[in-house]
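Notes for the one structure printed next.
2 protein chains.
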Amino acid sequence: MSETLARPRYRLFVEADLTEGAAVDLPQAQAHYLGTVMRAKDGETVALFNGRDGEWRAEIARVSKKAATLTVADRMRPQAPEPDVWLCFAPLKKDATDMVVQKAVELGVSRLQPVMTARTNASRFNTERARANAIEAAEQCERLTVPEVAEPVALPDLLAGWPERAPGRPLFIADETGRGTPLSDVAAGSEGAIAAFVIGPEGGFAQSELDHLRSLDFVVPVGLGPRILRAETAALAALTVWQAVRGDWRSGGPAFR
Amino acid sequence: MSETLARPRYRLFVEADLTEGAAVDLPQAQAHYLGTVMRAKDGETVALFNGRDGEWRAEIARVSKKAATLTVADRMRPQAPEPDVWLCFAPLKKDATDMVVQKAVELGVSRLQPVMTARTNASRFNTERARANAIEAAEQCERLTVPEVAEPVALPDLLAGWPERAPGRPLFIADETGRGTPLSDVAAGSEGAIAAFVIGPEGGFAQSELDHLRSLDFVVPVGLGPRILRAETAALAALTVWQAVRGDWRSGGPAFR
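If you read the protein sequences in the order shown, they are chains H and P.
Going by this note's numbering, the first sequence opens with residue 1, and the numbers climb by one from there.
Going by this note's numbering, the second sequence opens with residue 1, and the numbers climb by one from there.
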């Protein structure tokens, strides 16, 4: 296999349109990464994706410490549909939030929605940091998209706006009583292929929040097994089961909207 | 509900036998935790488990900064069978290894087996640290057991001894080519309820290791979806799918050996 057809050593998310022959100027941070951190040279190849045009091979036309220009060559993969599953989560300690964002991207989440609850420390969420983490994770796990990281919203507002903003999308909540229908059964029996999970903060939801959640017809309690999972474990386990049973891990091909 | 019948605020793993009326002296570290960190008082209740006798309510007879004695009262839960799934994993960076141990315990792993591979930095695994993390995670997630944390073993030795040490136990390996049968299908179609997963290091297995693994009849490649998962994500996702589909998350009751 020739050098130019080998898998590129670098993979970057860009905003620019990707078409054959296009010139793409990288923002300074990405130029710094390529030129200084990775010491990439002119002529090396880079995989590019923008969430719209698939994945393209590009060649480094010029790279210095502060600037880089790439020339788009050929398309390696077309854009393809992806499962549509949201994660609504109460921000945790910084390391745990970073991990949830990174792993949720690897697990194919389509939207990350921070939710402020009665027991959430609202100062804990840094949207820009989460977006940067999501881009890095998408680059590394070879996704063709970067999931949206929404601005934080208060739980009551999220729920009040749900029927309008997320029509037909069930909001699954982990049932801590252990009596919820196992998620694998719910996923296997689900008619639609769109979903959302809501995960509470470390101290759990307040009783009034649980009562409110359970009163809503789009909220569906699901079981995540007999052990007490930490919030971040519950978030990742829920996404994993959904993708494995209902999403794009299946041999029959992914189930999409 | 009376104070003494409420769920105890503390939960500890102990080595001692647990029977009604028994006196249990805590090791100094646990006494320090109860007396100094948590400022527990004489007369408060503690949940105890030892992996054999179920979970018991005990009362603090005496607690000081360096010593504590508990009196075992009544049994809250009998010992129950648990899924028998092992995780064989190449140690990662310290934080990632800590996370894998903690989350694997939450996800009900029965044995943690560190494995040294061609690309593993052997200095990275601290067995005592992992055992302490496993105990803490078991206490917090309300398991009735603490999984064994085995001493590290070289991959060739693990594989050579497998038929004798793990007869009938399939060793599932994540197929990075994306062509493995999806794990949820493998789990659903599995005849036995015992399993093991092996997860490589950050840089993946060496080609010679992969060739060796694939030549063994007890090694079964499985698919973990279309994205490239980090090692720690793959470990936790694999355990999650197994427990959700084949283990103790199911409504039909857990599948045991």
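The beta carbon of each residue, even a glycine, is placed where N, CA and C say it ideally should be.
Burial state of residue i, where buried means 16 or more other Cβ atoms lie within 10 Å
{"i": "residue 37 of chain P", "result": "exposed"}
{"i": "residue 133 of chain H", "result": "buried"}
{"i": "residue 128 of chain P", "result": "exposed"}
{"i": "residue 152 of chain H", "result": "buried"}
{"i": "residue 19 of chain P", "result": "exposed"}
{"i": "residue 43 of chain H", "result": "exposed"}
{"i": "residue 110 of chain H", "result": "buried"}
{"i": "residue 4 of chain H", "result": "Its pLDDT being 44, under 50, residue 4 of chain H is placed unreliably by the model, and the measurement read from it follows with that caveat. With fewer than 16 other Cβ atoms within 10 Å, it is exposed."}
{"i": "residue 83 of chain H", "result": "buried"}
{"i": "residue 113 of chain H", "result": "buried"}
{"i": "residue 215 of chain H", "result": "exposed"}
{"i": "residue 138 of chain H", "result": "buried"}
{"i": "residue 201 of chain H", "result": "buried"}
{"i": "residue 121 of chain H", "result": "exposed"}
{"i": "residue 245 of chain H", "result": "buried"}
{"i": "residue 15 of chain P", "result": "exposed"}
{"i": "residue 21 of chain H", "result": "exposed"}
{"i": "residue 272 of chain P", "result": "Nothing about residue 272 of chain P can be reported from this structure: the residues present for chain P run from 1 to 257 only."}
{"i": "residue 160 of chain P", "result": "exposed"}
{"i": "residue 180 of chain P", "result": "buried"}
{"i": "residue 90 of chain P", "result": "buried"}
{"i": "residue 256 of chain P", "result": "No answer about residue 256 of chain P holds up, because its pLDDT of 46 lies below 50 and its placement is not dependable."}
{"i": "residue 81 of chain P", "result": "exposed"}
{"i": "residue 177 of chain H", "result": "exposed"}
{"i": "residue 27 of chain H", "result": "exposed"}
{"i": "residue 207 of chain H", "result": "exposed"}
{"i": "residue 23 of chain P", "result": "exposed"}
{"i": "residue 247 of chain P", "result": "buried"}
{"i": "residue 96 of chain H", "result": "buried"}
Cβ of residue i within 8 Å of any chain P Cβ
{"i": "residue 226 of chain H", "result": "yes"}
{"i": "residue 231 of chain H", "result": "no"}
{"i": "residue 248 of chain H", "result": "yes"}
{"i": "residue 61 of chain H", "result": "no"}
{"i": "residue 203 of chain H", "result": "no"}
{"i": "residue 75 of chain H", "result": "no"}
{"i": "residue 223 of chain H", "result": "yes"}
{"i": "residue 103 of chain H", "result": "yes"}
{"i": "residue 240 of chain H", "result": "yes"}
Reduced DSSP category for residue i - H, G, I as helix; E, B as strand; rest coil
{"i": "residue 223 of chain P", "result": "strand"}
{"i": "residue 109 of chain H", "result": "coil"}
{"i": "residue 154 of chain P", "result": "strand"}
{"i": "residue 236 of chain P", "result": "helix"}
{"i": "residue 127 of chain P", "result": "helix"}
{"i": "residue 48 of chain H", "result": "strand"}
{"i": "residue 99 of chain P", "result": "helix"}
{"i": "residue 163 of chain P", "result": "helix"}
{"i": "residue 135 of chain P", "result": "helix"}
{"i": "residue 80 of chain H", "result": "coil"}
{"i": "residue 39 of chain P", "result": "coil"}
{"i": "residue 214 of chain H", "result": "helix"}
{"i": "residue 25 of chain P", "result": "strand"}
{"i": "residue 74 of chain H", "result": "strand"}
{"i": "residue 171 of chain P", "result": "strand"}
{"i": "residue 146 of chain H", "result": "coil"}
{"i": "residue 56 of chain P", "result": "strand"}
{"i": "residue 191 of chain H", "result": "coil"}
{"i": "residue 254 of chain P", "result": "Note that residue 254 of chain P scores 46 on pLDDT, short of 50, meaning its location in the model is unreliable; the coordinates nonetheless yield the value given after this. If DSSP states are grouped into helix, strand and coil, residue 254 of chain P belongs with coil."}
Listed by chain order, chain C residues near residue i by CB distance under 8 Å
{"i": "residue 182 of chain P", "result": "Judged by its chain identifiers, the structure shown contains no chain C, and its protein chains are H and P."}
According to DSSP, residues forming a beta bridge with residue i
{"i": "residue 115 of chain H", "result": "H:153"}
{"i": "residue 88 of chain P", "result": "P:113, P:198"}
{"i": "residue 10 of chain H", "result": "H:46"}
{"i": "residue 68 of chain H", "result": "H:63"}
{"i": "residue 181 of chain P", "result": "P:222"}
Cβ distance (whole Å) where residue i is taken to contact residue j below 8 Å
{"i": "residue 65 of chain P", "j": "residue 108 of chain P", "result": "Not quite, the Cβ-Cβ distance comes to about 35 Å (not below 8 Å), so this is no contact."}
{"i": "residue 183 of chain P", "j": "residue 238 of chain P", "result": "6 Å"}
{"i": "residue 233 of chain H", "j": "residue 94 of chain P", "result": "The pair is not a contact, with the Cβ atoms about 19 Å apart (cut-off 8 Å)."}
{"i": "residue 40 of chain P", "j": "residue 63 of chain P", "result": "6 Å"}
{"i": "residue 77 of chain H", "j": "residue 54 of chain H", "result": "5 Å"}
{"i": "residue 100 of chain H", "j": "residue 235 of chain H", "result": "5 Å"}
Any chain H beta carbon closer than 8 Å to residue i
{"i": "residue 142 of chain P", "result": "yes"}
{"i": "residue 237 of chain P", "result": "yes"}
{"i": "residue 108 of chain P", "result": "yes"}
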